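Chains as they are written, first to last, in the working numbering: chain A, 11 to 475; chain B, 2 to 125. C-beta: ideal position from N, C-alpha, C; glycine also. Since the structure is predicted, the reported quantities are computational estimates derived from the model, not experimental observations. Below: one structure, written as structure tokens.
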Amino acid sequence: MPRVLAKTADAMPSQGRYKKVTMRLGATVMLAALSGLAVIPVRLLPSETRAAVGTGGDDAQVAGPAQVAIARSEPGSPQAVVAPAIQYLDPSLAPDGAIGRATGRSDAQSVLSHEETSVHNPIYASMLAGLRVYREVWSRLPQLQVPATAALHAGSSGPAVNVLRRRLGVQAADNTPFSVALEEKVRAFQRVHALPPTGVADGATIAALNRGSAHYEAIILANLERARWLPREMGDKFVLVNTAAARLIGYEHDAPALEMKVALGSSKRPTPALADKIETIVLDPSWYVPPHLVQSIIAPKVLEKGLAYLNENGFVVLSDWSDTAVEADPSSVDWRAVRDGRAYARVRQKPGPANPMGDTKFMFPNRLGIYLHDTPNHAVFAKEDRYVSNGCVRVEKAAELARFLVGEPMPADGSEMSREIVLKGPVPVITAHFTFWWDGHNPTFHKDVYGRDHPLIAKLELSRP
Amino acid sequence: MKLRFTAVAALATLAACADDATPTQEQRAEQLEERADAVEQAGDQRAERIDERTDARAEALNERADALEEGEVPVGQAAGAVSNMNARTTPAGVQSGRDNPAGALPPAATGTPPANAAGAGENG
Numbered sequence: 011m012p013r014v015l016a017k018t019a020d021a022m023p024s025q026g027r028y029k030k031v032t033m034r035l036g037a038t039v040m041l042a043a044l045s046g047l048a049v050i051p052v053r054l055l056p057s058e059t060r061a062a063v064g065t066g067g068d069d070a071q072v073a074g075p076a077q078v079a080i081a082r083s084e085p086g087s088p089q090a091v092v093a094p095a096i097q098y099l100d101p102s103l104a105p106d107g108a109i110g111r112a113t114g115r116s117d118a119q120s121v122l123s124h125e126e127t128s129v130h131n132p133i134y135a136s137m138l139a140g141l142r143v144y145r146e147v148w149s150r151l152p153q154l155q156v157p158a159t160a161a162l163h164a165g166s167s168g169p170a171v172n173v174l175r176r177r178l179g180v181q182a183a184d185n186t187p188f189s190v191a192l193e194e195k196v197r198a199f200q201r202v203h204a205l206p207p208t209g210v211a212d213g214a215t216i217a218a219l220n221r222g223s224a225h226y227e228a229i230i231l232a233n234l235e236r237a238r239w240l241p242r243e244m245g246d247k248f249v250l251v252n253t254a255a256a257r258l259i260g261y262e263h264d265a266p267a268l269e270m271k272v273a274l275g276s277s278k279r280p281t282p283a284l285a286d287k288i289e290t291i292v293l294d295p296s297w298y299v300p301p302h303l304v305q306s307i308i309a310p311k312v313l314e315k316g317l318a319y320l321n322e323n324g325f326v327v328l329s330d331w332s333d334t335a336v337e338a339d340p341s342s343v344d345w346r347a348v349r350d351g352r353a354y355a356r357v358r359q360k361p362g363p364a365n366p367m368g369d370t371k372f373m374f375p376n377r378l379g380i381y382l383h384d385t386p387n388h389a390v391f392a393k394e395d396r397y398v399s400n401g402c403v404r405v406e407k408a409a410e411l412a413r414f415l416v417g418e419p420m421p422a423d424g425s426e427m428s429r430e431i432v433l434k435g436p437v438p439v440i441t442a443h444f445t446f447w448w449d450g451h452n453p454t455f456h457k458d459v460y461g462r463d464h465p466l467i468a469k470l471e472l473s474r475p
Numbered sequence: 002m003k004l005r006f007t008a009v010a011a012l013a014t015l016a017a018c019a020d021d022a023t024p025t026q027e028q029r030a031e032q033l034e035e036r037a038d039a040v041e042q043a044g045d046q047r048a049e050r051i052d053e054r055t056d057a058r059a060e061a062l063n064e065r066a067d068a069l070e071e072g073e074v075p076v077g078q079a080a081g082a083v084s085n086m087n088a089r090t091t092p093a094g095v096q097s098g099r100d101n102p103a104g105a106l107p108p109a110a111t112g113t114p115p116a117n118a119a120g121a122g123e124n125g
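Spelled out as structure tokens, the structure:
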């Protein structure tokens, strides 16, 4: 084998960069002006600031075009407009028309009567259909208050059962015991309203019944508002991650073509609402550890176990944050300062079974550090509560998603090297918090794990008859 | 050293062309001489550091070559394979994992990360 006699340090060749152009406020206003919209003096409603890193919740301040509130209105009439709480990381996905809805005492009936033809996306159309069905099935029932007694179940009887029966529209004479038909109706109500379908009218079920359909219609209207924020043109394919349902849907020609479970950011680090485009798929990827995890996890471990911890777990320290960074000497890092937040270190984990990116990651490089990726821990997908990540979206079927994006089976894996697949055309990816969903058959509410409904409903000043 | 040669040449010119060097000229010549010495010393130190670093790198690479020959390191983990993997897996296009031997690695920058994809990392 040839031997090295002398060699100087090499300059690393520059790799292809991923660049994003951020649309600035001025550009958005110009777009609005060009499209004939009135850019009205707006009062952006106050937002509660999240302490967590996850931004883009309905109550979060967002940057870029999302901060621009535009509405069709008479020029010069100051009006409060709810700014879209979604980050258009790819500015081409930002709607160029009326984005935010003006606040007002709108209700479900007026929304259905004045359907916005300017909003063209399949999610919005689906939401409208779901609203109609919900009103037909559940809102027409008598909005009676069921006495909050002990749980009512098959065989129960008494005044509370009588009210429950009338509340759910089940025909029977008073003092008839809790029947199988009533149990089925309770179960149907529970399925729609994000409750365990037990058929038993327990405290949570009675509370949901007593909130009344107006409460749920307001939630649907808030979700319609979120649907209005979606891009108008998303091409032949796009990926929607519904953070409220913890599910991913791949759309092809505006129809669902792929669906799977996902695991999402915890309530401390919620997955933000964003719109971007997936550009590449990386197989057998590395993991670039975000600074906050280097501080909270890696630095304490290094201080506890020494530098050997890094090598044992496949971590390497990089020289800097550029695209020409090289492996650096980990002993040059003051790990105590990193742990204390006085210094930073860029750390990468090599591909391997412990790598949290799993076998595949779907790249849309962004300043939020949010991506879609596989996971080595597939047990999480057997759980109902899948809010476990640091904000990224862990997908249940990475290979299927890759095949959907590429449009053909993935190339055979004949090497041990990481491979990058550049998509022929970038595919839009949306993360949005739809706590109401219509799948074409059943309207369904989802638990509002990130607590985004109430602030949005309040901002929209939705009326409750 | 080039500068030293220039300084000496300047001194020779002064000696040849002037009848007697004035005190100012002498002072200037001394300054040039000192500066030349300083530059030469710095150059020597730098060359020494580069020599040490390249020697260490060569030594480590040779050790690795020996290990590969003796079968102590799986061929699949050779430098090229790791390098290729890393080069393709970063949002910023970072190339890393080269066969930097211990002692030859550069120090890590520990300043504030930039507000871009590289600085954000991947939250996982």
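Residue-chain proximity (residue i, chain B), Cβ-Cβ < 8 Å
i, result
"residue 196/A", "no"
"residue 376/A", "yes"
"residue 78/A", "Residue confidence is low: residue 78/A scores 30 on pLDDT, short of 50, so the model does not pin down where it sits. No coordinate-derived value is stated."
Three-state secondary structure (DSSP) of residue i
i, result
"residue 100/B", "Note that residue 100/B scores 43 on pLDDT, short of 50, meaning its location in the model is unreliable and no value can be drawn from it."
"residue 258/A", "strand"
"residue 463/A", "helix"
"residue 319/A", "helix"
"residue 414/A", "helix"
"residue 201/A", "helix"
"residue 46/B", "helix"
"residue 442/A", "strand"
"residue 167/A", "coil"
"residue 263/A", "coil"
"residue 183/A", "coil"
"residue 306/A", "helix"
"residue 225/A", "helix"
"residue 456/A", "coil"
"residue 279/A", "coil"
"residue 290/A", "strand"
"residue 340/A", "helix"
"residue 383/A", "strand"
"residue 239/A", "coil"
"residue 79/A", "Since pLDDT at residue 79/A reaches only 34, below the 50 mark, its modelled position is unreliable, and no value is offered."
"residue 233/A", "helix"
Within chain A, partners of residue i - CB distance below 9 Å
i, result
"residue 33/B", "Result: empty, since nearest Cβ-Cβ is about 31 Å, beyond 9 Å."
From the options, residue whose alpha carbon lies closest to that of residue i
i, options, result
"residue 390/A", "376/A, 380/A, 407/A", "407/A"
"residue 155/A", "145/A, 140/A, 213/A", "213/A"
"residue 304/A", "166/A, 355/A, 270/A", "355/A"
"residue 261/A", "438/A, 160/A, 469/A", "438/A"
"residue 288/A", "434/A, 159/A, 162/A, 149/A", "434/A"
"residue 192/A", "179/A, 148/A, 229/A, 383/A", "179/A"
"residue 309/A", "348/A, 398/A, 272/A, 215/A", "348/A"
"residue 343/A", "215/A, 280/A, 353/A", "353/A"
"residue 335/A", "117/B, 110/B, 124/B", "110/B"
"residue 302/A", "161/A, 443/A, 379/A, 174/A", "379/A"
"residue 370/A", "186/A, 382/A, 198/A, 364/A", "382/A"
"residue 274/A", "121/A, 454/A, 403/A", "403/A"
"residue 431/A", "445/A, 409/A, 225/A", "409/A"
Neighbour flag for residue i against chain A, beta carbons, 8 Å
i, result
"residue 116/B", "yes"
"residue 112/B", "yes"
"residue 125/B", "yes"
"residue 119/B", "yes"
"residue 74/B", "Because the pLDDT of residue 74/B is 47, which lies under 50, any placement of that residue in the model is unreliable, and the question is left without a value."
8 Å Cβ cut-off: residues of chain A touching residue i
i, result
"residue 64/B", "Correct list: empty, because the minimum Cβ distance to chain A is about 10 Å."
"residue 109/B", "327, 328, 329, 330, 338, 339, 340, 342, 343, 355, 356"
Residues that residue i contacts on chain A, provided the C-beta gap is smaller than 7 Å
i, result
"residue 122/B", "298, 299, 300, 301, 379"
Closer than 8 Å at the beta carbon, the chain B residues around residue i
i, result
"residue 400/A", "124, 125"
"residue 367/A", "123, 125"
heavy atom of the ligand SAM below 7 Å from residue i C-beta
i, result
"residue 148/A", "Ligands displayed in this structure: none; no statement on the ligand SAM is therefore possible."
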